[in-house]
Every structure is written in structure tokens, then in C-alpha cells.
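Undergrad:
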Amino acid sequence: MIRSSAAAHAGRIVVTGASGHLGGWIVAILRERGFAVRGTAGPGEDLAVVRERLAAGGVDVGHLDLCSLDLLSDDDLGPLMAGADALIHVAAPIPLHLPEASPSMLKAAREGTRRILDAAAKAGTRRVVATSSIMAAVYGPHSDRGNVLTEQDWSAPAEEPMTAYAVAKTEAEREAWRVADALALDFTSINPGVLLGPGLTGTVSASLNVFQEALAGRATIAPRVLLPVADVRDVARLHVDALSADASIGERIFCVSEQIWLIDLIEMIRAAEPGLSALPVPRLLKDELARKIADSFSMLRYLRYDIGEGRPIARDKATSLLGAAWRPLDATVSETIGYLRSVNAALRPAEVVG
């Protein structure tokens, strides 16, 4: 078990995807708790810029080492994992927006997962917390949609239509469990819903697409989609909390604060941004029409397989195993808007702002 403390060098944690929406907050929390961090960014990212952005976001970048990581290359990952007490694996080479998963993309998702877990085992790093997604569970052959979705459920790409992202996340998590079992790793999977909330690096996550559309005045229609959501900061904290929670070893843990209809989330955004009240109220689309036009609208494209009745999602394990406490959604919405305004003034709709 890994214990945190206020002192520096409470332990060294490797965080892949440290430059991302979730990874940045994980780094911030680890540093607050006194851990040294070795974080990774994508192969095309400027490490100096990543460090500067994290520092500008309030992260203590002392005892933070950054390096590039290409999960699909044959580079030796031994130096990355050397001396690490634990691995938090967030990075995944999986774009959200692709309509279909190619064989090469699925191979990359599986092999990237296998390579980093194998490197951890070879370095003697037994504790691993990995980020999966609620999407690895929701698209199963469920005959009764009223049944509560639990961590025992898995998406079934061969039986149910789903986005490329969902297929890749499902296959990557299954591979992670297979490898972790074979290598006797102390493994935990965190499966968050749609991550809302501000970022730290001045970039905009694809999960905030609905905010971008609403703030630009383009969210005039909405399909009937029930979104499982969570604040990115709460989910980051649960990743870190899992490191010292022995009860979470060998567990999948859904991280969803609540479920909200997409049209209601758009209305929350409108209510939090006074200028948007001048725009037309979004229109709820009938399911059949929403499916027909999904590929023509960026906000609908990655939601097209979620249209219709939602399934309630179990949320008790995050509380019982990790003591989850969730921020109020209205506060998350307000702070997300503030963040997006600060990094992209172009989001302001011209017809609203004088």
C-alpha cells in the first residue's frame, strides 16, 4: 500500500497522459500530496510548454519530470518506469471522434496497454491504476434497459453498435485485465463517465464539446441522450486515492456523479451564461431523426449509439471503496464555462456579446 504525506518524495508515481485534461489534475493532486511525479506527454508535444502550462494552472512542478511517450513505438519503457512506486496509466492513443475502429487502431489500443503494463512489471512496479471508461460497460446485449448497469457489465463490440472510441476502450481494458492477471499486478480500473470541469493546461478536451457548441450558439437541437457525468477533478482524486486503497485492488470502479439528459445539461449551460438566454431554446429531436442526422453534427456524432432510453448506472462502489465525494453539477458547469472563456475567447457568440 502506498501512503501519501506532506513531505516531498512520499513516493515516485509515473503518470502517462500527464498533459491531458484528466492527467494534468492527477499530477496536481499527487504533487499536493508530496509525491514525485514522472509524467508523459504525446510524442508531438513540447515538454517545456506542457510544464509551463501546468505551472500556470497552479501545479507545483518541482519534483515533476516530463518525458515523451509513444505507446505505439518500440522504444524501451524501462527508463520511464525505473524506480517508480506505482503507475497511473491515463494515456490512450484513441481519438474520440472517429466513426469506426480500424484493426490497426484496436491493435494499437491493446498493444499500448500491454507494453506499459509489461514495463511496470519488469521494473518491479506492482501497483497500477488505469483509466478506462464507462463506455467499456454500457454497450452490452442487455435485454432489459431498466436494469442497473454495474461493474460486472461489459460492452460487447461484436454484438452491439458503438463508436470506435468505445470499442477501443473496451478492448484496451480487457487487455489490461488479462495482462495484469498474468503478471500478478495489483491492478485497479477507473471507469469514468463524461469528464466535465476546467482544465489545467489551456487545452480543451473533446469531452467538453457540448459546452463549446452551446457557448458558440450552435446547440439548437439535442438528441434524447442520458449522459453519465463527473467532474474531472473528482475523478483525478479517486485515481490517486486508489493508490492507497487496498480494497480497490482487482476492482473496476465506475466514477459517475450523476446522469443528466443532454438537453438538461445544455439548459444548465444556458442558465449559467446570461448572454445565451437570447438564443433559441434547444429543440429535443425524435430518436429516429436524431440517428439519421447524427453524422452531420459534431455534437451528435459520438453520441449516436446512445440515443434513446438510458440505463441507470451503479455509483456505490466509488463511495464504498474510495470515499467518493462529488462536486455539485451546477458548480462544475459554471467553472467549466469560466475555463473555456479564459482559453478561447472565440467561443463567444457574436450575436450575444456586444
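With the UniProt record's numbering, the residue at position 219 of the sequence shown is 219, and numbering never jumps.
Yeah, the Cβ is synthetic: ideal placement off N, Cα and C, and Gly gets one too.
Computed from a predicted structure; not experimentally measured.
(1) In terms of alpha-carbon separation, which member of Y139, H239 and D241 lies closest to R311?
(2) Nearest to T40 by CA position, among E32, G34 and L54, is which residue?
(3) Spell out the partners DSSP gives H89 in its beta bridges.
(4) Please classify D295 as buried or exposed, where buried requires at least 16 neighbouring CB atoms within 10 angstroms.
(5) Does DSSP classify S244 as helix, strand or coil?
(6) Any contact between the region 42-49 and the region 63-74? By contact I mean 3 or more CB pairs, one from each, below 8 Å.
(7) Checking 8 Å against the spacing of the C-beta atoms, do V235 and P198 come in under that value?
(8) Report all residues from its chain with a CB closer than 6 Å to the CB of A130; omit the five preceding and five following residues, and keep chain order.
(9) Checking 8 Å against the spacing of the C-beta atoms, do A290 and I307 come in under that value?
(10) What are the boundary residues of the beta strand (DSSP E) that includes R53?
(11) Taking the alpha-carbon positions, what's the G112 to K122 distance?
(12) Would you give the residue range spanned by the beta strand (DSSP E) that N326 belongs to?
(13) Please state the DSSP three-state secondary structure of L273.
(14) Beta carbon of K317, beta carbon of E173: below 8 Å?
(15) So, are the CB atoms of T332 and L226 less than 8 Å apart?
(16) So who's on the other strand from D231, going by DSSP bridges?
(17) Buried or exposed for A18, please, with buried defined as at least 16 other CB atoms from any protein chain shown within 10 angstroms of its CB.
(18) Could you tell me which of T319, R127, D231 and V179 sits nearest to D246, measuring between CA atoms?
TA: On the basis of the coordinates in this document:
(1) Y139
(2) L54
(3) According to the DSSP secondary-structure assignment, H89 is paired through a beta bridge with T16 and A130.
(4) exposed
(5) coil
(6) yes
(7) no
(8) H89, A176 and S189
(9) yes
(10) Premise fails: R53 lies in the alpha helix (DSSP H), L47 to A56, not in any beta strand (DSSP E).
(11) 16 Å
(12) The sequence given here places Trp at residue 326; Asn does not occur at that position. W326 -> no beta strand (DSSP E), and no H or E assigned at all.
(13) Position check: residue 273 holds Glu in this sequence, whereas Leu was assumed. E273 carries a coil assignment under DSSP once its states are collapsed to helix, strand and coil.
(14) Not in contact: K317 and E173 (Cβ atoms no closer than 8 Å).
(15) no
(16) Answer is L196.
(17) buried
(18) R127
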